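Beneath this line is the structure, given in structure tokens, with notes to follow.
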């Protein structure tokens with residue numbers, strides 16, 4: 294288990310916007326570790342854990358895409374029924390809320406990585422058994438917000 298930075302990108306909900314964002318990462322040689330896309334009426338939110346956060350920031354700048362960064366917990370899980378449920382139950386038993394979560398598709402050896410945004414990070418780390426922080430690509434703990442444009446007025 295480790296703590297990573299996640300970058301969230303607001304995308305106008307129209308054809309080609311996701312492709313444009315992903316192409317910018319590819320051009321910058323930023324590898325996607327995990328990703329999810331959700332939508333609302335006016336915009337979608339692309340959430341990414343990447344291998345090069347600074348590279349991702351620079352890739353999105355010329356596109357004028359509004360972004361923000363947050364800390365997430367990345368948990369190695371067995372890729373089998375009930376693995377994520379067990380993790381969620383452990384946190385729920387101690388009243389720790391999972392604000393959102395997603396998983397990687399899986400990896401060799403039948404493993405997957407669960408990505409969780411948690412409201413009580415220190416408590417969750419204690420429950421899950423580690424306080425390891427991956428400092429590879431982290432910057433500041435504080436969320437950073439860039440200017441918002443197009444229809445992305447709220448998250």
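Residue numbers (the numbering used here): 294 to 448. C-beta: ideal position from N, C-alpha, C; glycine also. As the structure is a prediction and not an experimental result, all values here were calculated from the model.
Nearest to residue 324 by alpha-carbon distance, out of 299, 388, 417, is 299.
Per DSSP, reduced to three states, the secondary structure at residue 347 is helical.
Residue 402 counts as exposed, since fewer than 16 other C-beta atoms from the protein chains shown sit within 10 angstroms of its C-beta.
By the neighbour-count criterion, in which a residue is buried when 16 or more other Cβ atoms sit within 10 angstroms of its Cβ, residue 395 is buried. Under the criterion of beta carbons closer than 8 Å, residue 368 and residue 380 qualify as touching, at roughly 6 Å. Counting only residues of its own chain and dropping the five nearest sequence neighbours on each side, residue 352 has a CB closer than 8 Å to the CB of 317, 318, 320, 321, 323.
Residues 302, 304, 339, 353, 356, 358 of the same chain have their beta carbon placed closer than 8 Å to that of residue 314, with the five preceding and five following residues left out of the count.
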